[in-house]
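As structure tokens, the structure follows; a few thoughts come after it.
Residue numbers (this note's numbering), protein chains in the order written: chain W, 1 to 113; chain R, 1001 to 1112.
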């Protein structure tokens, strides 16, 4: 079955530092999503990537999908305490319906002021 | 509304009792999805709807779980005869086209 591996599992960075979170699949990714979750809250949609080589940015967050569509990265520039939370990648499974997503186990990000 | 609204936020049930969760999708979104989050980060797809029609129910347990999306009513997820292992956070999401899912804040179900 298809699985998403996220790394690292957790990350502590000093405010102002850059960081990268990775999401890897053994199979081709379709509709790769990045979400952020804070404790007790729902998932906040960050970005969706579909095409190989695609890159999207929003404020200080950039997400990329590699050409083979098997790996995605999320990069945060000049991190702030507001970036703290759990980052999840999700992807549509091969042969599955739209919106039927599998998720990685998440990366817990802490930003020290 | 502008966001996916889930009620209640918390629900406590004794084992064997029924649990019913509600979800109002974002206005104009025709797709609704239910996910179960167990052990903090293990998300599992349950079921999706396109308007009031079941779109994909491959993740729904065969027994005790049912869901509906009726016109002019919030969507619902019902669990009959709850078991301890049903304890989880249940998330609803909606989408305009089946892509770009927007999630609600979830309902924390505790079965005691």
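Here a beta-carbon is modelled for each residue, glycine too, at the ideal position from N, C-alpha and C.
Subject >> Contact between the stretch 1046 to 1059 of chain R and the stretch 1067 to 1076 of chain R (3+ Cβ pairs under 8 angstroms) >> reply: yes
**OP:** Just grab the DSSP bridge partners of residue 1047 of chain R for me.
**Re:** Here the question's residue 1047 of chain R lines up with position 47 in the second chain. Residue 1047 of chain R is bridged to R:1034.
**OP:** Compare the beta carbon distance of residue 34 of chain W and residue 63 of chain W with 7 angstroms and say whether it is the shorter of the two.
**Re:** Along the first chain, one-based indexing puts residue 34 of chain W at 34. Along the first chain, one-based indexing puts residue 63 of chain W at 63. Yes. Within cutoff.
Original post:
What is the rounded straight-line gap between the Cα of residue 1091 of chain R and the Cα of residue 106 of chain W?
Top reply: Position 91 of the second chain, counted from the start, is the residue given in the question as residue 1091 of chain R. Position 106 of the first chain, counted from the start, is the residue given in the question as residue 106 of chain W. Cα-Cα distance, rounded: 16 angstroms.
Original post:
Under a CB-based cut-off of 7 angstroms, is residue 1086 of chain R close to chain W?
Top reply: Taking the first residue of the second chain as position 1, residue 1086 of chain R is located at position 86. Cβ-Cβ to chain W under 7 angstroms: no for residue 1086 of chain R.
**OP:** Have a look at residue 48 of chain W and residue 1058 of chain R and give me their C-alpha separation to the nearest angstrom.
**Re:** Working through the first chain from its first residue, we reach residue 48 of chain W at position 48. Working through the second chain from its first residue, we reach residue 1058 of chain R at position 58. Approximately 23 angstroms, taken between the alpha carbons.
**OP:** Please look up how many angstroms separate the CB atoms of residue 52 of chain W and residue 68 of chain W, rounded, as I've assumed it's under 8 angstroms.
**Re:** To locate residue 52 of chain W, count along the first chain from 1; it is residue 52. To locate residue 68 of chain W, count along the first chain from 1; it is residue 68. With a Cβ gap of about 7 angstroms, residue 52 of chain W and residue 68 of chain W count as contacting.
**OP:** Measure the C-alpha to C-alpha separation of residue 101 of chain W and residue 1110 of chain R and round it to an integer number of angstroms.
**Re:** Within the first chain, residue 101 of chain W is the residue found at index 101, counting from 1. Within the second chain, residue 1110 of chain R is the residue found at index 110, counting from 1. Each residue's alpha carbon lies about 24 angstroms from the other.
Subject >> Distance between residue 1079 of chain R and residue 103 of chain W (C-alpha atoms, nearest Å) >> reply: As a first step, residue 103 of chain W must be located in the first chain, where it is residue number 103. As a first step, residue 1079 of chain R must be located in the second chain, where it is residue number 79. Distance between the alpha carbons of residue 103 of chain W and residue 1079 of chain R is about 23 angstroms.
**OP:** Report buried or exposed for residue 39 of chain W, applying the criterion of at least 16 other Cβ atoms within 10 angstroms of its Cβ.
**Re:** Your numbering for residue 39 of chain W matches position 39 in the first chain. Classification of residue 39 of chain W: exposed, given that the 10 Å Cβ count is below 16.
**OP:** Within its chain, find whatever has a CB closer than 6 angstroms to the CB of residue 43 of chain W; leave out the 5 residues flanking it on each side and keep chain order.
**Re:** On the first chain, position 43 is the one that residue 43 of chain W refers to. For residue 43 of chain W, where only same-chain residues beyond five positions count, the Cβ hits under 6 angstroms are 35, 37.
**OP:** Ignore the nearest five residues each way along the sequence and tell me which others in residue 12 of chain W's own chain have a CB closer than 7 angstroms to its CB.
**Re:** On the first chain, position 12 is the one that residue 12 of chain W refers to. Excluding positions up to five away in sequence, the list reads 110, 112.
Original post:
Quick one: what's residue 1062 of chain R bridged to in DSSP?
Top reply: What you label residue 1062 of chain R is simply residue 62 of the second chain in a count that begins at 1. Bridge partners of residue 1062 of chain R: none, in fact.
Subject >> Interface residues of chain R facing residue 98 of chain W [CB-CB closer than 7 angstroms] >> reply: Sequence index remark: in the first chain, residue 98 of chain W carries index 98 (1-based). Residues of chain R passing the Cβ test: 1098, 1099.
Subject >> Where residue 54 of chain W falls: helix, strand or coil (DSSP) >> reply: The residue given as residue 54 of chain W occupies position 54 in the first chain. Reduced to three states, the DSSP call for residue 54 of chain W is coil.
Original post:
What residues match up with residue 1068 of chain R in a beta bridge as DSSP calls it?
Top reply: As a working note, residue 1068 of chain R is residue 68 in the second chain. Answer is R:1076.
**OP:** Can you have a look at residue 83 of chain W and say buried or exposed, based on whether 16 or more other CB atoms are within 10 angstroms of its CB?
**Re:** Working through the first chain from its first residue, we reach residue 83 of chain W at position 83. It is buried - the Cβ of residue 83 of chain W has at least 16 other Cβ atoms within 10 Å.
Original post:
What residues are listed by DSSP as bridge partners for residue 36 of chain W?
Top reply: Translated into positions along the first chain, residue 36 of chain W becomes position 36. DSSP, once it has assigned bridges, lists W:44, W:87 as partnering residue 36 of chain W.
Original post:
At a CB-CB cut-off below 7 angstroms, which residues of chain R make contact with residue 5 of chain W?
Top reply: Numbered from 1 along the first chain, position 5 holds the residue referred to as residue 5 of chain W. In chain order: nothing, as chain R lies at least about 13 angstroms away.
Original post:
At a CB-CB cut-off below 7 angstroms, which residues of chain W make contact with residue 972 of chain R?
Top reply: Residue 972 of chain R is absent from the model: chain R starts at 1001 and stops at 1112.
Original post:
Interface residues of chain W around residue 1095 of chain R at Cβ under 7 angstroms?
Top reply: What you label residue 1095 of chain R is simply residue 95 of the second chain in a count that begins at 1. In chain order: 99.
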